[in-house]
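Remarks on the structure that follows.
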Amino acid sequence: MRTGLLTEGGYPYASGDAGLWCDRLVRGLGQHEFDLYALSRSRHQEEQGLLPLPPQVTRVRTAPLWTAEGDGGAVGYGRRARRRFTEHYGELAGAVCAAADGSASGAVADRFANALYGLAELAREEGGLGAALRSDLGVRTLERACRAPGAPRTAREARVADLLTVAGHLERALRPLSLDWYGEDALGAADLCHATSGGPAALPGLLARHFCGVPLLVTEYGVHLRAHYLGQGPGAAPAVRALLAAFHGRLATEIYRRAEILTPGNAHARRWQERCGADRARIRTVYPGMAADGFTEAGEAPDRADPDTLVWVGRVEPAKDLVSLLHAFAQVRRQEPGARLRIVGSPDGPEGTAYLGHCRALAAQLFPDEAEGAHAVGCNPVSFDEIGSPDAPTLPEVYASGAVVVLSSVVEGFPTGLIEAMFCGRATVSTDAGAVVEVIGGTGLVVPPRNPRALADACVALLRDPERRARLGAAARARALELFTVEQNVAAFHGIYLEIVSHCPVRRDLLDASGAPLPFAAPAESHVPAHWPATPTWALPTTEPAR
């Protein structure tokens, strides 16, 4: 089977997101062929180069989403093409500005879809859309939709600067429409398109389905629409936020309507997809696969953890709410004076660096350096380390150094750090954010976010009860090995690939002139997951034993 793997800002770039997951999937499905179609997010990402690829990857094609200018496709537009562009883009903008409540939601979704595919067909014929989307014609078309009767108040109040910002964002989001990936020598030759996220990464899959009938599989471990909502900072104008949210919502609805199967990484992502109109019958939850080897070794080794140490591991950023963790630890120290807290992680960008400095200052304020005697050197019960430092050489050793692993986030997607701790057989205390409850499944303590008292009480309960810690750690390790390994992830996608191909309609190139399937055009063995020898075994020469 040939699979077109679609990514945005990720695999196969060396600095991409979700690179490990995609690489493990491709390597684990060695019986299939993969063509990679990657959208890059920055010049730096492209300069970092690609990861080493396995032999089953037969083709890699890339395209940038970060360049400032369009592709110049509107330069040669004639009058008829300009009229078609105005019609289709006006319909798309009108669908973005229209209310989609009640019975009108289906009509709005159809309007958006027709406009999207109309723009794709125009781009295919004229060589691109980039310059047209950024042109005065495109901005005026967008403005007319915003000023039309029935448009929401925030859209009607959009200023010229807001319209230019929205037009630039739409040009980048719709850039896959202008790519030359949809012929029979590219995605059209694939048996299946697998988009590793929603949004722009799934757009090539939509177009391959529209132009060539290739079935589409969409995997979302972090819901693209939710990420867009969280990424809109408070400085964005209300009109910009409203219009872009509506666009990404319409796009997500179309992706979920057309995909043969959706594979969210957890129930939290599944609920987002269902709220955007995804059919429950076409949803299969597939948990991310993680390499467990190094962590399970730590879980199988004799327990050498300090029974009074709490461990926090992750990216240092405000969403992790280390401030609440430090205040909770102050309450823990009142009940357990010998307790210690290890914070291990690197800051996430400039904001994370500033937040780390704030947390260090708060720790110094809450916990002055202590000494056992008048002649001893004082030390702080809270330590800050990074992975790779002498005190924190590897992640398994960090998890194994503490009795309890703590997560204090207020916003969380899929908590990979918790799964790593579970592989190591550690009891956990977590806040109820994102997919935490689904991952823990009763093998750890869960408290409300932004509640230092509840977090402190849960930590103290486990620090005082080593037998309970051992039971929870063993149960957590068994759960992680059953649900969250690379092997279960690869096996799940192998079955889904075969399910989609077995149910998809016969391709047009396998039909005769009358529309009937050609006999033996697609031999059954072509879909069996194995490499067949060039010469069948029954045709090989045999050696008769001497008589």
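If you use our numbering, the sequence shown corresponds to residues 917 to 1463, in order. Glycine included, every Cβ here is placed at the ideal spot set by N, Cα and C.
Kindly indicate the opening and closing residues of the alpha helix (DSSP H) around D1078. Its alpha helix (DSSP H) spans residues V1076 to A1089.
Between which two residues does the beta strand (DSSP E) carrying G1006 extend? Here G1006 belongs to no beta strand (DSSP E); instead the alpha helix (DSSP H) covers R995 to C1013.
Taking the C-alpha atoms as reference points, what is the distance between A1111 and P1120? For A1111 and P1120, the distance between alpha carbons rounds to 9 Å.
Starting from the C-beta of G935, find all residues in its chain whose C-beta is less than 8 Å away, skip the five residues before and the five after it, and write them out in chain order. Correct list, in chain order: G926, Y927, P928, Y929 and L967.
Please report the Cβ distance between G1327 and C1375, rounded to the nearest whole angstrom; I am assuming they are in contact, meaning their Cβ atoms lie under 8 Å. Per the sequence presented here, residue 1327 reads as Val, with Gly not at that position. In this structure V1327 is not in contact with C1375, their Cβ atoms being roughly 21 Å apart against a cut-off of 8 Å.
Does DSSP put S1317 in a helix, a strand or coil? Correct three-state label for S1317: coil.
Have a look at A1074, A1162 and R1050 and flag the residue whose alpha-carbon is nearest the alpha-carbon of A1025. Checking every option, the nearest Cα to that of A1025 belongs to A1162.
Quick one: what does DSSP say G988 is sitting in, helix, strand or coil? Residue placement at G988 is flagged as unreliable, the pLDDT there being 40, under the threshold of 50; the coordinate-derived value follows with that caveat. In the three-state DSSP reduction, G988 falls in the coil class, being neither helix nor strand.
Taking C-alpha atoms, which residue in R1157, Y1315, P1309 and A1351 lies nearest to S1325? S1325 has its Cα closest to that of A1351, out of R1157, Y1315, P1309 and A1351.
Within 10 Å of its beta-carbon, does C1128 have 16 or more other beta-carbons around it, so buried, or fewer, so exposed? By the neighbour-count rule (16 or more Cβ atoms within 10 Å), C1128 is buried.
Buried or exposed (CB count within 10 angstroms, at least 16 for buried), R1384: That one is exposed.
Do you know how far the Cα of C1420 is from the Cα of D1096? Between the alpha carbons of D1096 and C1420 lies a distance of about 24 Å.
Helix, strand or coil for S1019, going by three-state DSSP, please let me know. Caution is warranted here: a pLDDT of 40 is assigned to S1019, below 50, making its placement in the model unreliable, and the coordinate value is therefore given only provisionally. Collapsing the DSSP output to three states places S1019 in coil.
Could you tell me the alpha carbon to alpha carbon distance between G1022 and F1028, rounded to whole angstroms? Spanning the two alpha carbons is a distance of roughly 10 Å.
Using three-state DSSP, classify S931 as helix, strand or coil. In the structure shown, S931 falls within a coil segment according to DSSP collapsed to helix, strand and coil.
At what residues does the alpha helix (DSSP H) containing V1406 begin and finish? Start and end: V1402 to H1419.
Can you tell me the Cα-Cα spacing of R1056 and L1159, whole angstroms? Their backbone Cα atoms lie some 15 Å apart in a straight line.
So, does the CB of T1057 fall closer than 8 Å to a CB anywhere in chain B? Given the protein chain composition of this structure (a single chain), no chain B is represented.
Ordered along the chain, which non-local residues of its own chain (more than five positions away) have a Cβ less than 8 Å from that of V1239? Excluding positions up to five away in sequence, the list reads H1274, C1275 and L1278.
The beta strand (DSSP E) spanning D1222 covers which residue range? D1222 to V1229 is the extent of the beta strand (DSSP E) around D1222.
Drop a sphere of 10 angstroms on the beta-carbon of A1183, count the other beta-carbons inside from all chains shown, and report buried for 16 or more, exposed for fewer. Taking a 10 Å sphere around the C-beta of A1183, we find fewer than 16 other C-beta atoms and assign the residue as exposed.
For H1004, which of S1305, L1053 and F1409 has the nearest alpha-carbon? That would be L1053, whose Cα lies nearest to the Cα of H1004.
Which of helix, strand or coil does DSSP assign to Y953? DSSP places Y953 in the strand class (E or B) of the three-state scheme.
DSSP has R977 in a bridge; who is on the other side? R977 pairs with Y953.
CA-CA distance, G989 and H1140? Because G989 carries a pLDDT of 41, less than 50, the predicted location of this residue cannot be relied on, and the following value inherits that uncertainty. Looking at the backbone, the Cα of G989 and that of H1140 are separated by about 28 Å.
Whose C-alpha, out of Q1189, R1380 and V1417, is nearest the C-alpha of R1166? Nearest option by C-alpha distance: Q1189.
The beta strand (DSSP E) with L1119 in it runs from where to where? Taken as a continuous stretch (DSSP letters only), L1119 belongs to no beta strand (DSSP E), being part of the alpha helix (DSSP H) at L1119 to C1128.
Does the pairing of the stretch 1401-1420 with the stretch 1364-1381 give three or more beta-carbon distances under 8 Å? Contact fails: fewer than three Cβ-Cβ distances are below 8 Å.
For T1201, which of helix, strand or coil comes out of DSSP? When secondary structure is reduced to three states using DSSP, T1201 falls in the coil class, being assigned neither helix nor strand.
Cβ-based burial, C1192 [other Cβ within 10 Å; buried from 16]: So C1192 counts as buried.
At least three beta-carbon pairs within less than 8 Å, the stretch 1297-1308 to the stretch 1257-1269: In short, these stretches touch, since the Cβ pair count reaches three.
Rounded straight-line distance, which links the Cα of L1123 to that of E1170: A direct Cα-Cα distance of roughly 12 Å separates E1170 from L1123.
Mind checking T974: buried by the 16 CB within 10 Å criterion, or exposed? Exposed.
Local conformation of T1310 per DSSP, three classes: Note: T1310 maps to coil in three-state DSSP.
In this structure, does DSSP put H1110 in helix, strand or coil? Residue state, collapsed to three classes: strand.
Please name the residue in R977, A1011 and E1041 whose C-alpha comes closest to that of R998. Comparing alpha-carbon positions, the option among R977, A1011 and E1041 lying closest to R998 turns out to be E1041.
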